[in-house]
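*Asks:* Quick one: structure below, then a few questions.
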Amino acid sequence: MRVQRYICANCCSFSPTHPSVENDQHYPRAVTQLATAVDVLTDSSLENRQDLLTIHYDVRSSDRQIHDWCSEQTADIIANDLPVCSGIYIYDEQYLTIGGNRAYRLTVYDELLRAPVAESIIDRCTKETVREFLTTVLAEKPVHVVTTDGRSDYPDIIEDGLDAAHHRCSFHFLKNGEQKLQNTVFESVRYTNTERLRGAIVWSEFKSVFAAQSYEAAVRQFEAVLDHIQHLLKELRTPVEDVMEAFDTFLGHLRYEAVLSTTNNLERYYEHTKPMQIERRFRSTEHARAFLKQQMRLRTLKQGLISRERSLALGRELFPAVSMEQFEPLFTGSEQRYLSWRDREID
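Sequential numbering from 74 applies to the sequence shown in my numbering.
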């Protein structure tokens, strides 16, 4: 049997308990809090965290112990506790590596609140798993429009399954279209210089439709592109016809101000959690889910348009010893303006 006792630094007396060490734990809360804070705020390895604890507290916990501190049991769908939802969402996916195997991270992001709504991790990303995720997450929430990238399954899932408008990310559409044209037309020897030049001019006119200042201007510019459609190369005609068949799916953001033209805000959230430059590896699904839960809290704390009280509660969940004055510098400019506006409303 192992008996653990603590010595008082002032009177040298011994005690079986210590206020800073929780039951069934061998390390003070400051050690576990530092390990979890590093997990939330950095992309360091378990060994780096061991080194950090050794330098700061002269203890060297095992990598398994640190992994357990940074993991927790969560539901299959990690839901954010938002007071309300706007109905204007972005949906996207990101791949992860868990235990050496490919997995997928699914995310619904509320654009107007600027915070994640829910996330999940799945082994296979199929139409049915995406449908089940979206219908479950948004079942009791307002759903007006969902912006996604160009996967062909999305219109059916969103328009039929959620009875909402589907908007396609113009950035991904133009980027993928330009890359395809680069390979098949602009660098191809099958077309003459004149044909390539004409195609480049029309493609430039086509891209200007998405940069129009109003819906009416976009319609006029697109009609000008359609005047050339009979003479366009096949590779260029395809994206033009796609837009012609579902104009509002691509340009609805010009008609309705709240609709997002791109999925960029969700992409930025991904970059702040597990960016493309860093291999997104986790030892277990439990750690991956716990990590996403912590990142969801951090994103909502820093950028979400929520009350000051809710921000403080979220911050205390992440960093129990930190005060509101210490949290406020973490807030983005938009959240600081929002909180300032709320303070004036209360006054």
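Where a beta carbon is used, it is the ideal one built from N, C-alpha and C, also for glycine.
Compute the Euclidean distance between the alpha carbons of Asn337 and Thr180, then round it to the nearest angstrom.
*Replies:* Roughly 13 angstroms separates the two Cα atoms.
*Asks:* Using 10 angstroms around the beta-carbon of Gln286, count the other beta-carbons present and answer buried if the total reaches 16, otherwise exposed.
*Replies:* Exposed, since its Cβ has fewer than 16 Cβ neighbours within 10 Å.
*Asks:* Using a Cβ-based criterion (distance less than 6 angstroms to any ligand heavy atom), does Lys366 qualify as near the ligand MG?
*Replies:* Absent from the structure shown: the ligand MG. Ligands present: none.
*Asks:* To which residues of the same chain is Gln350 closer than 6 angstroms at the C-beta, ignoring the five residues directly before and after it?
*Replies:* Because Gln350 sits at a pLDDT of 49, beneath the cut-off of 50, its placement in the model cannot be relied upon, and the point is left open.
*Asks:* Quick one: using the 10 Å Cβ neighbour count with 16 as the cut-off for buried, is Ile302 buried or exposed?
*Replies:* Flag for Ile302 reads exposed.
*Asks:* Report the residue ranges of all alpha helix (DSSP H) runs contained in full by the region 202-284; include only those spanning at least 4 residues, in chain order.
*Replies:* Here the runs fully enclosed are 243-254 and 266-283.
*Asks:* If we ignore side chains and look at the alpha-carbon of each, how far apart do His360 and Ile151 end up?
*Replies:* His360 and Ile151: Cα-Cα distance of roughly 13 angstroms.
*Asks:* Using the three-state DSSP reduction, which class does Ala302 fall into: helix, strand or coil?
*Replies:* One point to set straight first is that residue 302 is Ile, not Ala, in the sequence displayed. In the structure shown, Ile302 sits in a helix (DSSP, three-state: H, G or I).
*Asks:* Just verifying my parser: in three-state terms, what is the DSSP assignment at Pro156?
*Replies:* Here Pro156 sits in coil by DSSP.
*Asks:* Looking only at its own chain, which residues have a Cβ that is under 7 angstroms from the Cβ of Arg133, when we skip the five neighbours before and after it?
*Replies:* Taken in chain order, the residues that qualify are Gln123, Leu126 and Thr127.
*Asks:* From the DSSP output, in three-state form, read off Asp321 for me.
*Replies:* Correct three-state label for Asp321: helix.
*Asks:* For Leu365, I'd like the list of residues in its chain whose CB is within less than 6 angstroms of its CB, leaving aside the five on either flank, ordered along the chain.
*Replies:* Cβ within range, chain order: Ile151 and Glu192.
*Asks:* Would you list the residues sitting across from Asp165 in a DSSP beta bridge?
*Replies:* Partner(s): Thr180.
*Asks:* Count the other CB atoms within 10 Å of the CB of Val262; is the residue buried (16 or more) or exposed (fewer)?
*Replies:* Its Cβ having fewer than 16 others within 10 Å, Val262 is exposed.
*Asks:* For Thr170, which residues does DSSP report across the bridge?
*Replies:* According to DSSP, Thr170 bridges with Arg175 and Arg354.
*Asks:* Would you report the Cα separation of Gln55 and Ser277, rounded to the nearest angstrom?
*Replies:* As displayed, the chain neither begins before 74 nor continues past 420, which places residue 55 out of reach and without an answer.
*Asks:* Is there contact here, the region 156-165 with the region 199-217, by at least three beta-carbon pairs under 8 angstroms?
*Replies:* Touching, yes.
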